[in-house]
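Chains as they are written, first to last, in the working numbering: chain A, 10 to 206; chain B, 10 to 206.
Here a beta-carbon is modelled for each residue, glycine too, at the ideal position from N, C-alpha and C.
Written out below as structure tokens is the structure these notes cover.
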């Protein structure tokens, strides 16, 4: 019994007996257009908060807009059309940024993006665990996002995320319906090497 | 009942009812010097494999040396003395790298570090779940690491990790013993913002 969700078990196999949380998470696009309450959304940020980081610097920053808020349209407008068409049914949009410097000495932190990616993964896993759609995106205007959230120069935009309640596949444009399933991965021997490449 | 481990419950509180996996993970230094078998170690890479990434590019790469292998000393020598002194009791050392370009078109992927950080977090969480010490490090020679693992120019070194079996706090140098406990985090209102900073 590997506890894979039904929609995942068809596509992924838990060969190494890892926490099913990792395999159960994927990135759907179909969302219902419902709202999300603050308590639910904050739990995802809370999970992100506990990620590790160099000198515990916690470089991650999150700026969000919920669909029933005045900022929603501006956040949605950051996305490329290919993302806008489905992300519009989300409950919240989040801009993820990282602080490029250490708090304690102001110097450059070379792991600021890497560490922020760790926090993002906690965010995604907790959302998946709660039955939410959590879908990261790179298809948006990074410069406009930096300006819109009023980020200072020490902050770099890393990604955007849409969080939503699951919706029907039929609600997606036709060309996106076929891809609405858990994706595969490279074999371990393509990413793990003993001693050297 | 929030399922926090005993050594964690004293320092952390699961206020938002997130998966205890996130709070139970921390970065100990005390390790026993025991070996780890391949099956156990591979499970951590397997967890990493299922992280999300832009265009499912899976930019993460891992090069490892186990303590009973000839490459161990060379990997250990990459570390600064402050890390070497305790990491020497680990079971495996891992250099984490990211591929800076997309497989499908060779173009630069701006999320290569961020995505690799997501995979690293899966790795760390699965290790913690299995009762292993998993400790990320930035204190090492990045250039030498790149050369040692024979990485090509498309690959960037992101971090190193030591994986080990838990050891006794008394085995650590005196100045490290006091810090051998789960660390705190910034409050949510320092990292999460509605609409803009």
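- Secondary structure of residue 31(A) (DSSP, three-state): helix.
- Residues of the region 57–68 of chain A whose Cβ lies closer than 7 Å to any Cβ of chain B, in chain order: 58, 59, 60, 61, 63, 65, 67.
- When secondary structure is reduced to three states using DSSP, residue 24(A) falls in the coil class, being assigned neither helix nor strand.
- When C-beta distances to chain A are compared with 9 Å, the residues of the region 192–204 of chain B below that value are 192, 193, 194, 195, 196, 197, 199, 200, 201, 202, 203, 204, in chain order.
- Using a C-beta cut-off of 8 Å, the region 192–204 of chain A makes contact with the region 56–63 of chain B, since at least three inter-stretch Cβ pairs fall below that distance.
- Sorting 27(A), 16(A), 13(A) by C-alpha distance to the C-alpha of residue 135(B) places 27(A) at the top.
- Neighbours of residue 51(B) in chain A, taken as residues whose beta carbon is under 9 Å from its own, are 25, 197, 201 in chain order.
- Beta-bridge analysis with DSSP links residue 204(A) to no other residue.
- Contact annotation, residue 71(B) with residue 94(B): C-beta distance approximately 24 Å; criterion of less than 8 Å not satisfied.
- Distance from residue 146(A) to residue 92(A) at the Cβ level is roughly 5 Å; contact confirmed, criterion being Cβ atoms closer than 8 Å.
- The region 116–123 of chain B and the region 170–178 of chain B do not touch, with fewer than 3 CB-CB distances between them shorter than 8 Å.
- The beta carbons of residue 85(B) and residue 75(B) sit no closer together than 7 Å.
- The criterion of a C-beta distance shorter than 7 Å is not satisfied by residue 167(B) and residue 110(B).
- When secondary structure is reduced to three states using DSSP, residue 73(B) falls in the strand class.
- Annotation note: the region 106–152 of chain A contains the following uninterrupted beta strand (DSSP E) runs of length 3 or greater, listed N- to C-terminal: 142–146.
- Counting only Cβ-Cβ distances below 8 Å, residue 127(B) has contacts in chain A at 126, 127, 129, 130, 133, in chain order.
- About 18 Å separates the Cβ atoms of residue 130(B) and residue 23(A), ruling out a contact at the 8 Å cut-off.
- For the 7 Å CB-CB criterion, residue 128(A) and residue 50(A) do not form a contact.
- In the three-state scheme derived from DSSP, where H, G and I count as helix and E and B as strand, residue 157(A) is classed as helix.
- Within the same chain, Cβ atoms closer than 7 Å to the Cβ of residue 181(A) are found at 38, 39, 95, 189, the five residues on either side in sequence being excluded.
- A distance of 7 Å or more separates the beta carbons of residue 125(A) and residue 81(A).
- The beta carbons of residue 170(B) and residue 143(B) sit about 6 Å from each other, so the pair counts as a contact at 8 Å.
- For residue 52(B), the enclosing alpha helix (DSSP H) has its first and last residue at 47–58.
- Where residue 91(B) is concerned, there is no enclosing beta strand (DSSP E), although the alpha helix (DSSP H) around it starts and stops at 90–96.
- Using a CB distance cut-off of 7 Å, residue 20(A) does not count as an interface residue toward chain B.
- For residue 120(A), the residues of chain B that pass the 9 Å Cβ criterion are 122, 126, 145, 147, 167, 168, in the order they occur in the chain.
- Around the Cβ of residue 153(B), a 10 Å sphere holds fewer than 16 other Cβ atoms; the residue is exposed.
- Residue 133(A) and residue 105(A) have their C-alpha atoms some 12 Å from each other.
- Interface with chain A (7 Å Cβ-Cβ cutoff): residue 32(B) is included.
- Under the three-state reduction of DSSP output, residue 197(A) falls in the helix class.
- The residue among 83(A), 64(A), 185(A) with its C-alpha nearest the C-alpha of residue 116(A) is 64(A).
- Taking C-beta separations shorter than 7 Å and ignoring five residues to either side along the sequence, the partners of residue 33(A) in its chain run 13, 14, 17, 137, following chain order.
- Listed along the chain, the chain B residues whose CB falls inside 7 Å of the CB of residue 159(A) are 205, 206.
- In the same chain as residue 47(A), and ignoring 5 residues on each side of it, no C-beta atom comes closer than 6 Å to its own.
- Only 69, 70, 71, 72, 73, 74, 75, 78, 79, 80, 83, 84 from the region 69–86 of chain B bring a Cβ to less than 9 Å from some Cβ of chain A.
- Scanning 114(B), 206(B), 158(B), 113(B) for the CA closest to the CA of residue 83(B) turns up 158(B).
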